[in-house]
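Below is one structure, written out as C-alpha cells; the observations come after it.
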Amino acid sequence: MRVTRARAPGLGYRPGERPWTALLYVLPGFVIYALFVLLPIGQTVRYSFFDWDGFSTPEFTGFDNYVTLFRDEVFRLALRNNLVLLVFYTLFPIALALLLTALLTRRRIRGLGFYRAGLFVPQVMSMVVVGVVWRWIYNPTFGPLNQGLRAVGLDGWARPWLGDFRFALPAVGMIGTWVGYGFAMVLFIAGVQRIDEDLYDAAKLDGAGSWQQFRAVTLPGLRNEVTIALVTTLIAALRTFDLVYVTTRGGPANRTRVVALEIYNNAFGISRVGYAAAIAVVLTLVVLVVSYAVITLRMRTAEG
Amino acid sequence: MAQLGETVDGFGRPDAARGARGGERTKARWEPRLVLTYGLLTFFLLLAIGPFVIIVLAALKTGEEIGRNVFGLPEVWRWGNLADAWTQGQFARYFRSSVIVAVPVVVVSCFLSILTGYAFGRMRFPGSRLLFFLLLLGIMVPGEAVVIPLYHNLRRMDLLDTYWAMILPDIAFSVSFGTLWMRGFFSQVPPELVDAATVDGSNSWQTLWRILLPNAQPAILTMAVLFFVWTWNDFLLPLVVITDENLRTLPLGLAFFQGRFTSDLPLTAAGATIVALPTILVYAVLQRHFIRGLTSGAVK
C-alpha cells in the first residue's frame, strides 16, 4: 500500500482547527459506511457460527457450518466450477491480450482511442444485459450461433449450449472471456507504449528474436498491467453471480452452479442463513488471499 | 492497490516521446505488421460490440424476421417494439426506479467522498490509518459478504421494499472507493496552493470548496461515472431487498422479464436496449474518464 503522508506544509487547515476538524469531514461518510458495510461484514462472520432460518431464535453451533461445508458435495462442485471459470475469466483473456500485444506494432496506432472505446464497451454493460444477449446467441433453435453453424454446414456442432451437460459451463465461461479480453487488451496496449524503445534496441543488439524480446522486455514492462488484470479478473471469476443467475441459474443439473449462487440459494431460497454466511466468509477469505497473493508476488518480481 | 495504477492513465504517449524514432522506422507506409495490427484490432473491436449491435437490431425487427435475418438491418424499422417494452413491459417503471436510486447515490456519494478524501489526503489526525484501512475493506470485500445481514437489518428497520434499501448500501460501498480515489487526488495537490489560501486566512472548508474543488473536476467526474455505472447495473442488492414489482430497477426488471417472456425476443431485446442505453450514452460522452477509472487498479 502506498502511503503518502501529507507533508506538514500544505495541510488544508489552520493550526487551531485540528484534529477534530478532520474527524468532522470523515464522520458522515464513515457512519453510513459503518452501518451498511462494516457492521454487516462482522455480522456475516457471527451468523456463520449459528444455525438460523432467518426468523426463529438462532442456535449457536460453533464451527458446525464450516464442517458441513467442506463435506458438502454441492459446495465442492460449486467451488470446482468457479475454478473452471477462472480459466475462462482470467487465463484466456490475459493470454489472448498478451498474444495480441506481442503481434501488434509498438508504434503509435492511429485511431487508437476509437478502438479502445469499442473494446471497453462490455465493461459498461449490466451483466444482466450481457446474459440476456448471450442467452439468445446460444439459443438452440433461433440463436445466431447455431444458425451460423448450420449455415456453414456444421449442423453436427449445433447444440443447446446452455442446456448441454458438457458445454454449459464452458459456454458461460466464454461469456466471461468475451467480457474480459477488451479490458486486458486496453491495459496492455497502453502499457507497451510506455516501454522505452531503447530496451528493444538493446535486446536486438544482443541478438534477441521477437519471442525473446517479448519475454525479456515486454512482459517485465507490463508487470503492473498484468497484475491489475489478474486481480480484477480473478475476483470477477470467484464471485460471479449475475451472469450465471441470468443464463443458467446453475443448471443443467448443477453443471454451472457457483459459490455465489450457493450463498444466494441458501440465504434467500432455503433459509439456511447461518450456512450461507459460512460460505460467504469462505468466499471472502479466498478473494482476499488471492488478491493479496497476486500483489505480493508482483512486488517480489519487481524487486528481483 | 492504489499504487498499481498511478502509471496508467490512458493511451498515447505524446508524439515527442516516440516521435522521430518512430518516423525513421517507417519505410513503407503499409508494412505487414501495421496491416496485421489494424486487422486484429478491427476484428476484436467488432467481436466486442457485435453482440450489442445485433440485439439492438433485433429490438427493431419482428420475431419472424430475427429468425431468418439475424445480422442484417431490419426490413422495416419497428420502433414500436421499444414503445411496447416501455409501456407493456413496464420498462418505464423500472427506468423510473433506476433513476430514483442512481441520482441520489451518485450525488451523495460524490459529496461524502470529497469530504473523506480531503481529510485523508490533506490532514493528519489520530486514528486516520485505522479508519482508512477499515474503509479500504469495502473495496476488497465482495458484496456477497455483506448482503445476508444487510437484508435482515433492513427488514428490522422496515426498509425492505423501499428505495432506501438500495440507496443507502450503494452509497456506503461507493464512499469506500470514493475515499481512496479522492484521497489520491488531494494528496497530490501542490502544498503551495493550499498554503497560499491558508495565509489568506481561509479555513479548511473554504480552502476545499474555493481552491481545491475547481481543480478537482476531472477526478470527480471519473468517480461520478463509475458510481453511476455501478449503481445502474447493480443486480444482487435489488434482487435481495426488492420484491415489489413497482420498485424494480432496470436490470432486475429485465431479468424477470426474460424469465417470463422468453419467446418474445423482440420485446426482450427492446428491454435489454433500454437497460443498456443510458450507460452507453454516459460512456459515449465520458469514456476517457471511465477507462481511466477502471484501469487505475483501484477497482475490484
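Taken in sequence, the protein lines are chains V and E.
Note that the numbering used here has the first sequence beginning at 1, numbered continuously upward.
Note that the numbering used here has the second sequence beginning at 1, numbered continuously upward.
Here a beta-carbon is modelled for each residue, glycine too, at the ideal position from N, C-alpha and C.
In this text, all values refer to a predicted model and were calculated from it rather than measured experimentally.
Below 8 angstroms on the Cβ atoms is my contact criterion, and I expect T101 (chain V) with T218 (chain V) to pass it. Report the Cβ-Cβ distance as a whole number of Å. 7 angstroms
Rounded to whole angstroms, what's the CA-CA distance from T179 (chain E) to G29 (chain V)? Just pull it up for me. 9 angstroms
Using the DSSP secondary-structure output, state which residues sit across from G60 (chain V) in a beta bridge. This sequence places Phe at residue 60 (chain V); Gly is not what is there. According to DSSP, F60 (chain V) bridges with V:F50.
CB-CB under 8 angstroms to E59 (chain V), same chain, minus the five flanking residues each way: which ones, in chain order? F50, D51 and W52
CB contact below 7 angstroms: I171 (chain E) versus chain V: yes
If contact is defined by three or more beta carbon pairs under 8 angstroms, each pair taking one atom from either stretch, is the stretch 106-126 of chain E in contact with the stretch 211-231 of chain E? yes
In this structure, how does DSSP classify R25 (chain E) when only helix, strand and coil are distinguished? Note that R25 (chain E) scores a pLDDT of 48, beneath 50, so its modelled location is shaky; the value from the coordinates is reported in the next line. Three-state result, R25 (chain E): helix.
Take every Cβ of the stretch 255-272 of chain V, pair it with every Cβ of the stretch 121-139 of chain V, and state whether three or more of those distances are shorter than 8 angstroms. no
Hey, how far is the Cα of V244 (chain V) from the Cα of T177 (chain V)? 14 angstroms
Where L96 (chain V) and A171 (chain V) are concerned, what is the direct C-alpha to C-alpha distance, given to the nearest angstrom? 17 angstroms
I need the DSSP call for S296 (chain E), collapsed to helix, strand or coil. coil
So, do the stretch 31-40 of chain V and the stretch 124-139 of chain E have three or more beta carbon pairs nearer to each other than 8 angstroms? yes
Determine which residues of the stretch 220-245 of chain E have a Cβ less than 9 angstroms from any Cβ of chain V, and write them out in chain order. V229, W232, N233, D234, F235, L236, L239 and V240
Please name the residue, chosen from E:I171, E:I114, E:W164 and E:M157, that lies closest to I139 (chain E) on a Cα-to-Cα basis. E:I171
Can you find at least 3 beta carbon pairs, one from the stretch 272-281 of chain E and one from the stretch 85-105 of chain E, that sit closer than 8 angstroms? yes
On the criterion of 16 or more Cβ atoms from any shown chain inside 10 Å, does M166 (chain E) qualify as buried, or is it exposed? buried
I need the boundaries of the alpha helix (DSSP H) containing L100 (chain V), first residue and last residue. F92 to L103
Please tell me whether S263 (chain E) has its Cβ less than 7 angstroms away from any Cβ of chain V. no
Anything in chain E within Cβ reach of Q147 (chain V), meaning under 7 angstroms, just list it in chain order. V70
Do we get a CB-CB distance below 7 angstroms when we pair G207 (chain V) with the residues of chain E? no
Whole-angstrom distance between D201 (chain V) and K27 (chain E), CA atom to CA atom: Residue placement at K27 (chain E) is flagged as unreliable, the pLDDT there being 47, under the threshold of 50; the coordinate-derived value follows with that caveat. Between K27 (chain E) and D201 (chain V), the C-alpha separation is close to 17 angstroms.
Can you confirm whether the stretch 285-298 of chain V touches the stretch 226-236 of chain V when touching is taken to mean that 3 or more C-beta pairs between the two stretches lie within less than 8 angstroms? yes
So what's W211 (chain V) in DSSP terms, helix, strand or just coil? helix
For I41 (chain V), which of helix, strand or coil comes out of DSSP? helix
By the three-class DSSP mapping on this structure, what secondary structure does D164 (chain V) have? coil
Expressed to the nearest angstrom, what Euclidean distance is found between the alpha-carbon atoms of Q213 (chain V) and P122 (chain V)? 31 angstroms
Could you please give the first and the last residue of the uninterrupted alpha helix (DSSP H) stretch that includes F114 (chain V)? L112 to L119
Using 7 angstroms as the threshold, is the C-beta distance between L187 (chain V) and T37 (chain E) below it? no
Could you tell me whether the Cβ atoms of A280 (chain V) and T57 (chain V) are closer together than 7 angstroms? no
With distances taken from CA atoms, which of E:P191, E:F125 and E:E144 is nearest I211 (chain E)? E:P191
For chain E, find out if any of its Cβ atoms is closer than 7 angstroms to the Cβ of S126 (chain V); answer yes or no. yes
Would you kindly work out how many angstroms separate the C-alpha atoms of I137 (chain V) and A272 (chain E), rounded to a whole number? 14 angstroms
First and last residue of the alpha helix (DSSP H) that includes W79 (chain E)? First-last for W79 (chain E): undefined, no H or E at that position.
Sorted by chain position, which residues of the same chain lie with C-beta nearer than 7 angstroms to L320 (chain V)'s C-beta, five sequence neighbours on each side aside? Since the first and last residues shown for chain V are 1 and 304, residue 320 (chain V) lies out of range.
Is the stretch 104-121 of chain V touching the stretch 137-152 of chain V, taking contact as three or more C-beta pairs under 8 angstroms? no
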